[in-house]
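Structure first, commentary second.
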């Protein structure tokens, strides 16, 4: 397998964690978003829209992080990253999709670039702060006091939701969001960060780490 | 089962199609977004963040449309809405997640409300138009010329991706987007619209249809 990844990309980080939790070996192919390498014709053959990450497994190219995690679970089921019952899996997917649609969809790279160009840095920061607070509140509600929340998002073993939770908080910390209102998310994050799979996947431990000061 | 739905909601429309394709009976509970009913305390018990749709199946409440479709497929597998092979399922999910994260995440109700209040109608329309063109191009690339594209998104039977494709184009048409650049999507949409499940799920055929002139 090959993973097209960028060290600081929140989306790439999710898949690095999932691959590490499943103990799958892969070739790390860096796509330097800071240099615009995602727009190179060579990468456009892997992803026509130039997004990272892309996972290549033999003949199959898989896009979209929530879809990549489902694919890995189907093709490499052991160890499983999803709960055994349908209601539990629905809970995990509900969290993953909130990260994908509401957090990433509204504050991802392309949206930030559009806002910066159209309205400037002050408005971009205002936009990010608005959705960061709102989404943090939403995500915290999905874990705080829920009977299935354990040491990790669902029970006491790390799973698919944790692959999205940790990068979401990384993204928020990078942009100096106050996380005081999300104590349960932070507790789970801290449990994750001591786990070897999460350490291996961490942005600062990737081969392509380099200065990147973009907001 | 109960579906909390609003007739004009793109997200609700997706799940109405999926339920109809699976021939599942359900109680339709209207949440009038035009009157702000999603913020009522009663609905907040179903969805803490006040989003529609929510699907209630016995004890289980399921949120996020991409997660609801996965749940329905797992618990009510016949007829299946997903391809038989993992690569095909990854393709379907790639399309669904592009609709969810890139289209809905950037142009959904809450984002439109924020832009309208912060920047006004002209800027809201500019924003919508920017992402509409971009996402239409992205989605068209996922179907045009792909060997698995048939009468429908994947082959010649309607499936999970079509549950997202038709509402996506409904949303774009509602805001007067030019669809000329997406002939394959429009062809698939037209095939869907003659199918009884899609007719039953159509916004104009819901019990709560009523004037709603919001952008």
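Protein chains in written order, with the working numbering: chain A, 130 to 344; chain B, 130 to 344. Ideal Cβ positions, reconstructed from N, Cα and C, are used throughout, including at glycine.
Item, Value
"Outcome for residue 317 of chain A when other beta-carbon atoms lying within 10 angstroms are tallied against a minimum of 16", "buried"
"Interface partners of residue 226 of chain B on chain A, CB under 9 Å", "192, 193, 194, 195, 196, 226, 229 and 230"
"Sequence-distant residues of its chain with Cβ nearer than 8 Å to residue 173 of chain B (five each side left out)", "179"
"Contact set between residue 324 of chain B and chain A, taken where Cβ atoms lie within less than 9 Å", "What residue 324 of chain B touches in chain A: nothing, since even the nearest Cβ is about 25 Å away."
"Three CB pairs or more closer than 8 Å across the stretch 258-272 of chain B and the stretch 272-289 of chain A", "no"
"Rounded distance between the beta-carbons of residue 131 of chain A and residue 158 of chain A, thought under 8 Å", "5 Å"
"Environment of residue 275 of chain A [buried if 16+ CB atoms lie within 10 Å]", "exposed"
"Cβ contact (3+ pairs, closer than 8 Å) linking the stretch 213-230 of chain B and the stretch 287-307 of chain B", "yes"
"For residue 158 of chain A, three-class secondary structure by DSSP", "strand"
"Uninterrupted alpha helix (DSSP H) stretches inside the stretch 255-340 of chain A (no shorter than 4 residues)", "289-303, 312-322 and 325-330"
"Residue 148 of chain A, enclosing alpha helix (DSSP H) - first and last residue", "139-150"
"Ordered list of alpha helix (DSSP H) runs contained in the stretch 184-266 of chain B, each at least 4 residues", "194-204, 215-226 and 238-248"
"Element boundaries [beta strand (DSSP E), containing residue 133 of chain A]", "131-134"
"Inter-stretch contact (C-beta, 8 Å, three-pair minimum) for the stretch 321-336 of chain B and the stretch 140-150 of chain B", "yes"
"DSSP three-state assignment for residue 172 of chain A, whether helix, strand or coil", "helix"
"Spatial distance of residue 217 of chain A from residue 205 of chain A (CA atoms)", "20 Å"
"Through-space distance from residue 137 of chain A to residue 336 of chain A, alpha-carbon basis", "11 Å"
"The stretch 254-264 of chain A touching the stretch 295-311 of chain A, judged by at least three CB pairs closer than 8 Å", "yes"
"Spatial neighbours of residue 236 of chain B in its chain, beta-carbon cut-off 6 Å, leaving aside the 5 residues before and after", "257 and 260"
"Contact check, residue 141 of chain B vs residue 182 of chain B, beta carbons under 7 Å", "yes"
"Reduced DSSP category for residue 167 of chain A - H, G, I as helix; E, B as strand; rest coil", "helix"
"Cβ of residue 268 of chain B within 7 Å of any chain A Cβ", "no"
"Neighbour-count burial assignment, residue 249 of chain A, 16 or more Cβ in a 10 Å radius", "exposed"
"Beta carbon proximity, residue 288 of chain A to chain B, threshold 7 Å", "no"
"Distance between beta carbons of residue 189 of chain A and residue 219 of chain B, contact taken as under 8 Å", "7 Å"
"Status (buried if at least 16 other CB within 10 Å, exposed otherwise) for residue 283 of chain A", "buried"
"Through-space distance from residue 245 of chain A to residue 343 of chain A, alpha-carbon basis", "11 Å"
"Proximal residues, the stretch 237-248 of chain A versus chain B, C-beta separation under 9 Å", "237, 239, 240, 243, 247 and 248"
"Chain B contacts made by the stretch 196-210 of chain A, where a contact means CB separation under 9 Å", "196, 197, 199, 200, 203 and 204"
"Residue 234 of chain B, buried or exposed, once every other Cβ within 10 Å from all chains shown has been counted against 16", "buried"
"Spatial distance of residue 239 of chain B from residue 323 of chain B (CA atoms)", "32 Å"
"CB contact below 7 Å: residue 147 of chain B versus chain A", "no"
"Cβ neighbour criterion (16 or more within 10 Å) applied to residue 213 of chain A", "exposed"
"Contacts of residue 233 of chain A in chain B (Cβ-Cβ under 8 Å)", "230 and 234"
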